[in-house]
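Residue numbers (our numbering), protein chains in the order written: chain R, 654 to 1044; chain D, 654 to 1044.
Number of protein chains: 2
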Amino acid sequence: MTHTDTDDVRLARVALGCLAEPGNRELGVLVRQVGPVEGLDRLLNGSVSQRLAEAARLRLTDNVDARDLARRLLDTADRLGARAVTPEDDEWPRQLDDLAHISRAADGRAVDRDTDPPHCLWIRGDTGLDEALDRSVALVGARAASNYGTYVATEMAHGLAERGWTVVSGGAFGIDAAAHRAALAAGGLTAAILACGVDRPYPLGHASLFDRIGEAGLLISEWPFGCAPHRLRFLIRNRVIAAMTRGTVVVEAASRSGARQTLGRARALGRAAMAVPGPVTSAMSVGCHAELREEGTRLVNDYKEVLEEVGRIGDDLAPTPRGPDRPHDTLDPLAAQLLDAVLPRKARTAEEVAAVAGVSGRDARRTLPTLVDAGFVIEHDTGYRLAPKPS
Amino acid sequence: MTHTDTDDVRLARVALGCLAEPGNRELGVLVRQVGPVEGLDRLLNGSVSQRLAEAARLRLTDNVDARDLARRLLDTADRLGARAVTPEDDEWPRQLDDLAHISRAADGRAVDRDTDPPHCLWIRGDTGLDEALDRSVALVGARAASNYGTYVATEMAHGLAERGWTVVSGGAFGIDAAAHRAALAAGGLTAAILACGVDRPYPLGHASLFDRIGEAGLLISEWPFGCAPHRLRFLIRNRVIAAMTRGTVVVEAASRSGARQTLGRARALGRAAMAVPGPVTSAMSVGCHAELREEGTRLVNDYKEVLEEVGRIGDDLAPTPRGPDRPHDTLDPLAAQLLDAVLPRKARTAEEVAAVAGVSGRDARRTLPTLVDAGFVIEHDTGYRLAPKPS
């Protein structure tokens, strides 16, 4: 494939992502049959259902050329420090392709909305999508979360992030925000999957949270710049949260809840479907309990039980080393203290580690290199971070 | 069978209940093969395992004759207003016979203790066992219950008792006591299954609660008068709670808990096994959540969901009448108020109903007969009680 071919495909993918509402099954099937370039042409010359052709026409106002529109969006992305990722890119998370195959939920009920894979994802954040999402879990739940739910989401996200798992959520108030914040606080990776453009913070009160996620993690959306969130878009978006991750945990949910829809999608995709119980007296646990009364939803008390569901045997499921067998425990107190202050993903300078550990900079500068030699810590240009756990 | 034969069998059953620890499988199999009279003879002449013969000898101190011992126990029962019920009696709850067939739990694990049916039950309380236990549910749980657990047990027991279900529990502090008390408060039936003689309140602090249960409900034990509760006896007793009832609900339980054993027995017997969720932060819900993570335990939020598990279609599962279709709602306010103050099982005088309803005695005396005529209320010598719901 020549460079121009690649560009053609890329432009077509971006345009396809703009000209129909994401998830459209008809367009997805067409593109899988004839490829994105030919698929776009057919969409534009009207060789598709009237409904789809009409929708595309309405989105191409002022006789803009579809490929010009795509080029402009890619330019805007460049300018804003964002990027587009399409199925042809190496970093495309392959697990999203599973969406092409669900049309029925696991229990045989028809899935009510179009659930095809995205044509294009808009991204803020440096980490590669495939790397970030290979080991990821979705924590979702009520906007009107209780203190209890916020606490559980925080603990769970913190535990997962500390173990090197990416915490995926929807960027909403309540459970979502608690999950993102705790993952950031743990120095881990978090991804917010939005139902509007990544330049458009929604809810507005999360503008600075989204900035932090965009810097330390990933902001991801199927909708191009400027797109507004609509009620329906949250439901369309939920399939991506479910498909991207190895499992979805509903932390709190009222009886009617978008989080329950995400869980249903996860179940339909064969991903781990989990829910956190709560007091039967709490309206915010009604949805969780309803899900737990369904076949196939697993009750989870904490992040360890989440890892049991999503982890791979021999890797995440390896028995946690305990007691004198834990190499950490063989360290002298100063080294152990410093090691506890080193984060798994974000590098800290010796001085930062010292401040967090509550020891002198001199002690940190002297001891951290011994931790590097011992294989506990990796040295970067920007400082020190934890070495990956031996498998 | 002559009267004397019947007496012989009865004496043998009572003696068998005394001379071996309840649940002994060897003795149960023997009695099923040769009958209670011959079974007792073989136990006494030592044609059984050494362990069993030795245990019987130790219990027959001072060369007391086994049948004399039984006669004396029956006399004491008479004097104390108690009675013995054996498998030959009409009121014997047949569902206990299922215990003869479990030796393995539902999941194939061996059941660790002898689980044979009782030979004899000692009873305080007037209601027939079969009648009381036909529609019964066990609510069990932690002694060190939280306020939350106590609240849920109270609500659940109240709802079940109001619907005419017998609430069975173990008479312990915490969840058990809350369940018994709420059933009594609802004017319903409750049965406490004890692990010691029914003359011997344990815990002592429940002496007056047991007196109330003995008056309005049932105190039941396999152990004859004077027997002390031992740790092991609670575990032996639990199989009877599980077998007597249509299902067992664990309301709160720590990680290690007798209530979990009862639930395991219920599962092994094919009875409904249920647990109430709670905050994952509560040590008193750890056992419930562990059970809910097992196959076959059903999460229940309230008494209605318990009835879904244990009720019979078309009877207990009939949709609850609502709105203007509820006959209750066709009553004038005074009559409706009075009807709410009439209990399902315990008759109240017109004056008692008036006091509870907060209306004058004159109004009650005038209106209650119209509720009788309309079929809502039944008149007894001792006052008024609710008419059974039309099926």
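Ideal Cβ placement from N, Cα and C applies to all residues, glycine included.
Please read these numbers as outputs of a predicted model, since none were measured by experiment.
Which listed residue (the options) has its alpha carbon closest to that of residue i
| i | options | result |
| --- | --- | --- |
| D:ARG946 | D:LYS957, D:ASP955, D:GLU958, D:VAL933 | D:VAL933 |
| D:TYR801 | D:ASP751, D:VAL929, D:ASP728, D:ALA845 | D:VAL929 |
| R:PRO746 | R:ALA730, R:ALA673, R:THR898 | R:THR898 |
| D:GLU958 | D:LEU669, D:MET927, D:ALA906, D:SER938 | D:MET927 |
| R:ALA1010 | R:TRP818, R:VAL963, R:ALA994, R:GLU961 | R:ALA994 |
| R:ARG913 | R:GLY794, R:ALA668, R:ALA737 | R:GLY794 |
| D:ALA1003 | D:ILE866, D:LEU1039, D:PHE887, D:ALA753 | D:LEU1039 |
| D:VAL690 | D:PRO856, D:ASP661, D:VAL939, D:GLU1032 | D:ASP661 |
| D:HIS883 | D:GLY867, D:GLY850, D:TRP818, D:SER908 | D:GLY850 |
| R:LEU792 | R:HIS772, R:ALA814, R:THR780, R:PRO771 | R:ALA814 |
| R:GLN990 | R:PRO997, R:ASP1016, R:SER874 | R:ASP1016 |
| D:ARG909 | D:MET937, D:ARG886, D:PRO856 | D:MET937 |
| D:SER822 | D:ARG816, D:GLU868, D:ILE873 | D:ILE873 |
| D:ALA839 | D:ILE846, D:GLY817, D:PRO856 | D:GLY817 |
| D:SER789 | D:HIS942, D:GLY1028, D:THR803, D:LEU960 | D:LEU960 |
| D:ALA719 | D:ASP731, D:ALA737, D:LEU693 | D:LEU693 |
| R:LEU696 | R:ARG666, R:ARG724, R:LEU984 | R:ARG666 |
| R:THR768 | R:LEU888, R:GLY841, R:ALA723, R:GLU741 | R:LEU888 |
Cutoff 8 Å: residue i Cβ touching any chain D Cβ
| i | result |
| --- | --- |
| R:TYR801 | yes |
| R:ARG946 | yes |
| R:LEU952 | yes |
| R:LEU970 | Bear in mind that a pLDDT of 49 at R:LEU970, under 50, signals an unreliable position, so the model cannot answer this. |
| R:GLY976 | Note on R:GLY976: pLDDT 36, under 50, position unreliable in the model; no value is reported. |
Coarse secondary structure for residue i, derived from DSSP in three states
| i | result |
| --- | --- |
| R:ARG975 | Legend: pLDDT at R:ARG975 = 37, less than 50; position of this residue unreliable, value from coordinates given subsequently. DSSP places R:ARG975 in coil when its eight states are reduced to three. |
| R:GLU962 | helix |
| D:GLU944 | helix |
| D:THR1051 | As displayed, chain D neither begins before 654 nor continues past 1044, which places residue 1051 of chain D out of reach and without an answer. |
| R:GLY824 | coil |
| R:ALA797 | coil |
| R:GLY1036 | strand |
| D:THR843 | strand |
| R:ARG681 | The question names Arg, but residue 681 of chain R in the sequence shown is Gly. The answer is helix: DSSP assigns R:GLY681 an H, G or I state. |
| D:ILE755 | coil |
| R:VAL790 | strand |
| D:GLY923 | coil |
| D:ALA907 | coil |
| D:ALA881 | coil |
| D:THR807 | helix |
| D:ARG865 | helix |
| R:GLY1046 | Because chain R in this structure spans residues 654 to 1044, residue 1046 of chain R falls outside the shown range and cannot be described. |
| D:ALA719 | helix |
| D:VAL738 | strand |
| D:ALA928 | strand |
Residue-level contact to chain R via CB, residue i, 8 Å cutoff
| i | result |
| --- | --- |
| D:THR973 | Annotation note: pLDDT 41 at D:THR973 (below 50); position unreliable, coordinate value reported separately. No, D:THR973 lies away from the interface with chain R (no Cβ there is under 8 Å from its Cβ). |
| D:HIS942 | yes |
| D:ASP728 | no |
| D:ASP609 | Limits of chain D in this structure are 654 at one end and 1044 at the other, which puts residue 609 of chain D out of reach. |
| D:SER910 | no |
>> Could you check whether the segment 795-812 of chain R touches the segment 832-846 of chain R, counting it as contact only if at least three pairs of C-beta atoms, one from each stretch, sit closer than 8 Å?
In response: Using a Cβ-Cβ distance cut-off of 8 Å, the segment 795-812 of chain R and the segment 832-846 of chain R are in contact, since at least three pairs of beta carbons, one from each stretch, lie closer than that value.
>> For the structure I just gave you, are there three or more beta carbon pairs, one from the segment 788-800 of chain D and one from the segment 768-777 of chain D, closer than 8 Å?
In response: Not touching, per the Cβ criterion.
> Of all the residues that make up the segment 922-938 of chain D, which are near chain R by a beta-carbon distance shorter than 8 Å?
Replying inline: Hits within the stretch, in order: VAL929, PRO930, GLY931, PRO932, VAL933, THR934, SER938.
> Between the segment 775-805 of chain R and chain D, which residues of the former have a C-beta closer than 8 Å to a C-beta of the latter?
Replying inline: The segment 775-805 of chain R vs chain D, Cβ under 8 Å: TYR801, TYR804, VAL805.
> Does the count of Cβ pairs from the segment 676-684 of chain R and the segment 784-791 of chain R closer than 8 Å reach three?
Replying inline: By the criterion of at least three beta-carbon pairs nearer than 8 Å, the segment 676-684 of chain R is not in contact with the segment 784-791 of chain R.
> Are the segment 669-676 of chain D and the segment 698-714 of chain D touching by the rule of at least three beta carbon pairs closer than 8 Å?
Replying inline: Flag = yes, the segment 669-676 of chain D and the segment 698-714 of chain D touch.
> Counting pairs of beta carbons, one from the segment 907-923 of chain R and one from the segment 914-924 of chain D, are three or more of them closer than 8 Å?
Replying inline: Because the criterion of three Cβ pairs below 8 Å is not met, the segment 907-923 of chain R and the segment 914-924 of chain D do not touch.
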